[in-house]
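Written out below as structure tokens is the structure these notes cover.
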Amino acid sequence: MFDSFDSLKNILLIDENRLTSSNVSRLMGTAYRCDVVESIAGALVRLRQTDYSVVLCSASVPDAIDEIPVLRAHAPQSAVVLMGDGHTADEAVAAFRAGVFEFLLGPLEFAALESAVKRGIEHYETACLKNQYQIHLEQLASERAAEIDKALNEVENSYRITLKALVQALETRDFETHGHSERVVTFSLRLGYELGLDKQALRDLELGALLHDIGKIGVPDSILRKPAKLNDDEWAKMKLHPVHGQKILRNISFLEGAAQVVGQHHERWDGAGYPYGIRGEEIDIGARIFAVVDAFDAMVSDRVYRKGRPYELALEELERCSGTQFDPLVVEAFKSIPREDWELLRARSLNDKNEVHSFQSVVADLVFTADHHEFVH
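Residue numbers for the sequence shown follow numbering that gives the first Met the number 0, beginning at 0 and rising by one.
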């Protein structure tokens with residue numbers, strides 16, 4: 000279980016007295032490999048090169064006790080044994096507090112030294128075993144976490160497939176343009192990346208954008224599909240669809256964050272939105288992002304009764320409404336995104352796709368790949 004069992008027999012001796020170090024090295028050399036250095040600095044060089052089970056250090060080495068933490072930092076599993084004659088009990092206490100394994104006080108006796116070395120080797124072996132066991136546990140934990148992440152991703156992907164099918168069915172009741180649901184999701188994610196949203200916030204934004212109009216299930220067809228302008232009573236009922244949507248999702252923990260986007264995507268920065276009339280940063284960041292994206296897509300998309308606006312005019316309208324309808328920070332982030340990104344995502348939304356794609360992976364590829372054209376399939 001060790002990198003090398005030879006390290007169990009490796010001993011490092013630090014002693015500036017050459018006579019003492021020669022005697023100790025000769026006595027220890029019959030059973031161990033004993034390397035000798037004269038200073039702490041020399042010891043640190045050796046410790047970076049070789050694993051030692053025991054470090055024997057003469058207390059007469061300058062700053063020996065003060066340097067024990069440094070030795071321990073370089074060789075945390077090695078047993079540091081301090082040897083010294085004429086030192087006080089207070090110095091011994093200081094040495095143990097500094098991390099020494101054992102302090103041999105008084106004249107050096109080979110039997111005591113040999114016994115301390117054996118105990119030090121046992122300590123080193125135990126520390127190595129503990130370290131290897133810890134590494135093994137961490138590997139198992141990492142593997143298990145990876146398995147759990149994979150299982151959760153599979154569950155989430157299943158949810159996404161189901162939710163996409165639900166949204167497609169819902170859109171048959173409304174007059175949405177082709178590719179609208181994919182555009183508002185990918186556009187929202189692209190803007191979310193620009194604003195530095197974390198993984199959880201991006202997931203909530205993705206699902207909230209996908210399900211933003213799910214509350215229209217509760218709106219009668221006579222209102223939802225009415226070709227003429229809605230009257231005041233009909234408009235009041237239509238304006239409740241964010242509330243209906245939030246209620247539909249509120250008891251699904253997986254969609255808790257997405258429900259905030261669904262419930263607040265018609266709120267305005269100045270508080271004049273609906274259904275709650277909240278303002279500014281009271282509005283969920285995902286809902287603030289989606290509001291800009293949804294307005295942009297509505298402006299640039301063709302309708303049966305009008306042609307879509309050019310990109311420049313849509314951008315001017317976003318700027319005009321910044322600080323009133325829209326969060327100014329979100330509008331600024333939108334303006335900083337290259338026009339080509341929007342065009343690529345829009346072109347992709349209009350293509351027929353037989354397989355289900357991950358919206359997040361599509362946008363991440365766009366953000367982190369130099370050649371954007373690779374992602375228009």
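Don't be surprised by glycine CBs; every beta carbon is placed ideally from N, CA and C.
Of the listed residues the options, nearest to residue i (C-alpha basis)
i: V79; options: E90, A88, F95; result: F95
i: A363; options: L188, N22, V60; result: L188
i: E37; options: E15, W234, R305, V116; result: E15
i: V291; options: Y273, R302, W268; result: W268
i: M27; options: P75, L103, S114, P61; result: S114
i: L317; options: P274, I216, D293; result: D293
i: S321; options: G279, L229, V361, G285; result: G279
Neighbour-count burial assignment, residue i, 16 or more Cβ in a 10 Å radius
i: L136; result: exposed
i: K129; result: exposed
i: E142; result: exposed
i: V23; result: buried
i: R182; result: buried
i: P241; result: buried
i: Q199; result: exposed
i: F367; result: exposed
i: L18; result: exposed
Close Cβ partners of residue i (< 6 Å) along its chain, the five nearest in sequence each way excluded
i: A313; result: F295, M298, V299
i: A63; result: C56
i: L72; result: Note on residue identity: the sequence assigns Ala, not Leu, to residue 72. Cβ within range, chain order: n/a, list empty.
i: E233; result: I222
i: E193; result: A332, I336
i: A258; result: Q245, L248, R249
i: I282; result: Q263, E266
i: G256; result: D203
Neighbourhood of residue i by C-beta, 7 Å cutoff - its chain only, sequence neighbours within 5 removed
i: F100; result: A78, V79, V80, G119, H122
i: R308; result: M298, V299
i: V184; result: E205, A208, L209, F358
Counterpart residues of residue i in DSSP-defined beta bridges
i: L12; result: V35, L55
i: V79; result: V54
Chain-order list of residues whose beta-carbon lies under 8 Å from that of residue i (same chain, five-residue window excluded)
i: R45; result: L11, D34, V36, Y51
i: N353; result: In this prediction, N353 has a pLDDT of 48, which is less than 50 and means its spatial position is unreliable; what the coordinates show is noted afterwards. So the list is empty, once near-sequence residues are dropped.
i: D2; result: Low local confidence applies: a pLDDT of 48 at D2 is under 50, so the model's placement there is unreliable, with the coordinate-based value given in what follows. Closer than 8 Å at Cβ, skipping near neighbours: D50.
i: L103; result: V80, L81, M82, G83, A111, L112, A115
>> So within the region 89 to 114, which uninterrupted beta strand (DSSP E) runs reach at least 3 residues, ignoring any that extend past its ends?
In response: 101 to 104
> What runs of the alpha helix (DSSP H), each 4 residues or longer, lie entirely inside the region 212 to 252?
Replying inline: 220 to 223, 231 to 237, 240 to 248
>> Ignoring anything shorter than 4 residues, give me the alpha helix (DSSP H) runs that lie fully in the region 278 to 355, in order along the chain.
In response: 284 to 299, 310 to 319, 327 to 335, 338 to 349
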